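Visitor:
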Amino acid sequence: MIDKSEAVAEVQMVVFRLESEEFAVDINQVKEVLKMSRVTPLPQSAHYIEGVINLRGEVIPVVDLRKRFELPEGKRAEQTRIIIVEIQDSNVGLIVDSVSEVLRLSSTAVQPPPARVAGTRTDLIRGVGKVADRLLIVLNLDKILTTEEVILLDEVVLDEPLHK
Amino acid sequence: MEEYKDLFLAEAHEYLQNMTECLLELEKDPAALEKLTEMFRAAHSLKGMSGTMGYELIMKLTHEMESLLDKLRSGKTAVNTNLANLLFETVDLVQLMIDNLDKLESFSQDVATMEEKLRRWQDQEAAVKDSPPPEQAIEAGSDKEMFITRELNEFEKEMLKDAAFRGERSYFVNVWLREGSLLKSVRSYMVHKVMERHGEVIKTFPPQQDIEEEKFDLDFTILLLGKQGLDPDELKRNIEGIAEIERVIITPFDRDKQHKVASMASKASASGGAQGGSGKGGAGVARAQAAKKTMNVTLGRTVEKTVRVETAKLDALVNLVGELIINRTRVLELGKQLQNEMLETSHEQLERITTDLQGAVMTLRMVPIKQVFDRFPRMVRDLSLDGGKGVKLIISGEETELDRTIVNQIGDPLVHLLRNAVDHGIEPEEERKRKGKDPVGVIHLEAHHEGSHVVVSVEDDGSGIDPDKIKEKAIERKLISREEAGAMGDDEAIRLVLQSGFSTSAKVTDVSGRGVGMDVVKNSIEALNGTIEIKSKLGKGSKFILRLPLTLAIIRTLMVRAGEEIYAIPIEAIRENLFVEPQEIKTIQQGRVIILREEVLPLNCLRESLGMGTFKEQEVYPVVVVQAGDRKVGFIVDELMGQQEVVIKSLSSFIDGIRGVAGATVLGDGTVTLILDIAGLLEDRRFNVGKESVNH
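Chains as they are written, first to last, in my numbering: chain A, 1 to 164; chain B, 1001 to 1696.
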């Protein structure tokens, strides 16, 4: 999982926002970023699966990350984006509030998740990245669709308040 | 080497299949020399391939097999069951090794044992044969001569006959290359060149192409139609002048003698070459001229008629065509809005071409059902030997084509059905005799097209299914009550074998019972959008009829709107569409129903069932009546939008476990529409679908 990021001193991360938190995913896993479009709902699927979209002929599932992290439901807005990521050779869309930037992070700046979180939810959180006074939650996307775990972000950020 | 592995696997599989077929033929007709030869060639090719790939164990085993087959070809021992069993075992072992190429070394003991067995037969064979070794070469040569003679077609025979009248003589030229000769193909080419100076090459053994590809050991035989006044000795000297030629034997071709030998050797080749008027003057010559032309064509390198393509590439192509069709629909819609006549004309063209293209691409995915049927003769043979019954399997319609994905998935259900037929359909010999039936049972496996469906049936002439026994067993298993059983007709009772819970063991075992895994059969057929029908007559036999769609990639659907969403329902599942007025709807146990032609039909609101909304009062309700198995229900939708052919896209692997959704398709405007899986929708409890069944 920690693959190239350790070999190379620097990693590039796509930073996005959910509620008031900032998240980051490895740019190597991101294929593209789309504007929010119509999503066809999928009956009887997991609650956080928003539905499916057509990505140039391929039908791919879209996950509402807010729902995945049990955050209050948000309104779709002009800034709402679908980040298309590749997970285990399949494309998956992630709905996020907004995509802010691409950051270079030195791999040492990514710390393992806080201990009490690490014990239970290492699957989804790879660590916490520090950039100046900002804290980014670095996600491990591989398990985002398969793990049954409920992620409560409060616990991740409990030790240190993330936002200024 | 790795990249050749797939090719090796594919070809090896073909050769093994070929050998199995030959063996089965040989068992029926031990004198079928051409089958032995075919098998020998397959073994030889397999040996060569394994050698190139470095699979030494396979090479060793196929080598022993080849040697034994070679001896059998010229020997006297007929292929009996024991020998066939040994050869089958060998084929199986090779198959096993090919399936486990990564653990090849673990087979060394098996190979050694098998080699030993094969060698023992060879020794026996050698002892039977009385000819001393030096003559064996010549005998092998004459064997080839016989082969060539038998292979001659009518034109060639005519030609040789006419040539004989003109005084031109023909010869068999048997050429031996020096042991260890390199560039065998070059040498044989040079021989060929020399021959052509002296006359015309009619036929060779092994066939020309095999010679060019060095698919021969050291010797090959050529039937040469000599020029007027050809001197065989001169020909011999000329050939011997070529480097690395060990020996040349030239024997005159004696049509009558050859023909006699050939027809004696093979009962199978009934149509002799003696027919056709000899010496009909002008007509005969003209035909010979025509024959020459044909021959020149046939003698040239045979052009490959097929190309191997990776299935992934085919799938990608099908996908692209799907895209093209979706976008075509989109462009057509835009064109209509513009109302430009020229644009519309070119659109019509585009439509025609894409439709043709779609058809052409779909046929690429079609494969003959033979691929599945091929393994059954062997299976039925083994099963009938195990069960001590005489069973004859008659296959017809194996050339029927259907979609590759379906072909891949109907193998197992058919294995079940055939197994059941052998084990429980066909009675033991004694019983059959008592009943006045032929002691050998017959199973018909048949396939044919019927509209946009393929029908595959398995029919036996065995004991049939006893509806009363089935009822008893169903009551025992608490599937039906005694009252229900009383009211049940025979056909309905027989269908009980398809119900899950009917058979004692849910798993597929080696010993099958009538009904073992029958629900598995039913489920796998229904998963393919197919149906299964049973016809059975007590004492006469049973027939299982599978009806399968031709293709899974494109299906006809009815588009319906439910709330904001549009869903596609496969036409196969739809029985009828209705418009229902509110006063027709009755309530039974909180469920909505209507009475449709004296049947109670449960009504469901599609939106509600999918969990996408709630039922709303309307003035009139469009209803789609669907059926899966014997359950029939009506779905209230908001709008019926008409039929459309759609390209099925599979859902991502992350979400494909959802029953009720068979897949998705992309509409002309680019939006995704779900294709409903009616069977799943009706069976999965998560979907809120009324449970009343009309049949009770």
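Note that beta-carbon positions come from the ideal geometry of N, C-alpha and C, so glycine has one too. All values reported here derive from a predicted model rather than from experimental measurement.
What are the boundary residues of the alpha helix (DSSP H) that includes residue 1192(B)?
Guide: Element bounds for residue 1192(B): 1184 to 1198.
Visitor: Per DSSP, what are the beta-bridge partners of residue 1448(B) in this structure?
Guide: For residue 1448(B), which the question treats as bridged, DSSP gives the partners 1455(B).
Visitor: Flag this pair as touching only if the region 1464 to 1479 of chain B and the region 1526 to 1539 of chain B have three or more C-beta atom pairs under 8 Å; answer yes or no.
Guide: Yes, they touch.
Visitor: Between which two residues does the alpha helix (DSSP H) holding residue 1349(B) run?
Guide: Note, residue 1349(B): alpha helix (DSSP H), 1341 to 1365.
Visitor: Within its chain, find whatever has a CB closer than 7 Å to the CB of residue 1402(B); leave out the 5 residues flanking it on each side and keep chain order.
Guide: So the qualifying residues of the chain are 1366, 1369, 1454, 1548, 1550.
Visitor: Going by alpha carbons, who is nearest to residue 1623(B) out of 1594(B), 1427(B), 1330(B)?
Guide: Minimum Cα distance to residue 1623(B) is reached at 1594(B).
Visitor: Let me confirm a value: residue 1162(B) is counted as buried when at least 16 other C-beta atoms fall within 10 Å, else exposed. Which label applies?
Guide: Classification of residue 1162(B): buried, given that the 10 Å Cβ count is 16 or more.
Visitor: What separation, rounded to the nearest whole angstrom, lies between the Cα atoms of residue 1662(B) and residue 1639(B)?
Guide: Distance between the alpha carbons of residue 1662(B) and residue 1639(B): 21 Å.
Visitor: What is the DSSP secondary structure of residue 12(A), reduced to helix, strand or coil?
Guide: The answer is strand: DSSP assigns residue 12(A) an E or B state.
Visitor: Judging by CA-CA distance, which residue of 1648(B), 1331(B), 1235(B) is the nearest neighbour of residue 1173(B)?
Guide: Checking every option, the nearest Cα to that of residue 1173(B) belongs to 1235(B).
Visitor: With 8 Å set as the bound, which would you pick, yes or no: does the beta-carbon of residue 1624(B) sit closer than that to a beta-carbon of chain A?
Guide: Residue 1624(B) does not count as touching chain A.
Visitor: Just checking, does the region 1178 to 1197 of chain B make contact with the region 1153 to 1167 of chain B on the three C-beta pairs under 8 Å criterion?
Guide: Result no; under three Cβ-Cβ pairs closer than 8 Å.
Visitor: What does residue 38(A) reach in chain B if we use C-beta pairs closer than 8 Å?
Guide: The answer, in chain order, is 1671.
Visitor: Starting from residue 1697(B), trace the beta strand (DSSP E) in both directions and tell me its first and last residue.
Guide: This structure gives no information on residue 1697(B), because the portion of chain B shown stretches from 1001 to 1696.
Visitor: Whole beta strand (DSSP E) runs in the region 1571 to 1595 of chain B with 3 or more residues, listed along the chain?
Guide: DSSP runs (the beta strand (DSSP E)) wholly in the region 1571 to 1595 of chain B: 1574 to 1580, 1586 to 1588.
Visitor: Does DSSP classify residue 1167(B) as helix, strand or coil?
Guide: Coil at residue 1167(B), not helix or strand.
Visitor: Tell me the DSSP secondary structure of residue 1557(B) in three-state form.
Guide: In this structure, residue 1557(B) counts as strand in the three-state DSSP scheme.
Visitor: Per DSSP, what are the beta-bridge partners of residue 1022(B) in this structure?
Guide: In DSSP, residue 1022(B) forms no bridge with anything.
Visitor: Report yes if the C-beta distance between residue 1326(B) and residue 1668(B) is below 8 Å; otherwise report no.
Guide: Contact flag set, yes.
Visitor: Tell me the rounded alpha-carbon separation between residue 1447(B) and residue 1085(B).
Guide: Approximately 29 Å between the Cα atoms of the pair.
Visitor: Give the residues of chain A in contact with residue 1610(B), contact being defined as C-beta atoms less than 8 Å apart.
Guide: By Cβ distance, chain A contributes 43, 44.
Visitor: Helix or strand or just coil, what does DSSP make of residue 1175(B)?
Guide: Residue state, collapsed to three classes: strand.
Visitor: Between 112(A), 124(A), 46(A), which has its C-alpha nearest residue 193(A)'s C-alpha?
Guide: The requested residue 193(A) is not part of the displayed model; chain A covers only 1 to 164.
Visitor: Taking the alpha carbon of residue 1526(B) as the reference point, which residue from 1679(B), 1491(B), 1228(B) has its own alpha carbon closest?
Guide: Residue 1679(B) is the option with its Cα nearest to residue 1526(B).
Visitor: Quick one: does residue 54(A) have its CB under 8 Å from some CB of chain B?
Guide: Yes - at least one Cβ of chain B is within 8 Å of the one on residue 54(A).
Visitor: Within its chain, find whatever has a CB closer than 6 Å to the CB of residue 1635(B); leave out the 5 residues flanking it on each side and keep chain order.
Guide: Excluding positions up to five away in sequence, the list reads 1604, 1606, 1624.
Visitor: Let me confirm a value: residue 1225(B) is counted as buried when at least 16 other C-beta atoms fall within 10 Å, else exposed. Which label applies?
Guide: Classification for residue 1225(B): buried.
Visitor: Taking only beta-carbon positions, decide if residue 59(A) is within less than 8 Å of chain E.
Guide: Among the protein chains of the structure shown, namely A and B, there is no chain E.
Visitor: If we ignore side chains and look at the alpha-carbon of each, how far apart do residue 1147(B) and residue 1203(B) end up?
Guide: In a straight line, the C-alpha of residue 1147(B) is about 10 Å away from that of residue 1203(B).
Visitor: Considering just the uninterrupted stretch of the beta strand (DSSP E) at residue 50(A), what are its terminal residues?
Guide: Counting along the chain, the beta strand (DSSP E) containing residue 50(A) begins and ends at 49 to 55.
Visitor: If you compare alpha carbons, which of 1383(B), 1320(B), 1098(B), 1096(B) is closest to residue 1426(B)?
Guide: Closest option to residue 1426(B), Cα to Cα, is 1383(B).
Visitor: Under a Cβ-count criterion, where at least 16 other Cβ atoms within 10 Å of its own Cβ denotes burial, should residue 1349(B) be classed as buried or exposed?
Guide: With fewer than 16 other Cβ atoms within 10 Å, it is exposed.
Visitor: What is the C-beta distance between residue 1035(B) and residue 1066(B), in whole angstroms, given that I count them as a contact (C-beta under 8 Å)?
Guide: Not really, about 15 Å apart at Cβ, beyond 8 Å.
Visitor: Spell out whether any CB of chain A is found under 8 Å from the CB atom of residue 1384(B).
Guide: No, no contact with chain A.
Visitor: Have a look at the DSSP bridge pairing and note the partners of residue 1602(B).
Guide: 1593(B).
Visitor: Per DSSP, what are the beta-bridge partners of residue 1205(B) in this structure?
Guide: Residue 1205(B) is bridged to 1221(B).
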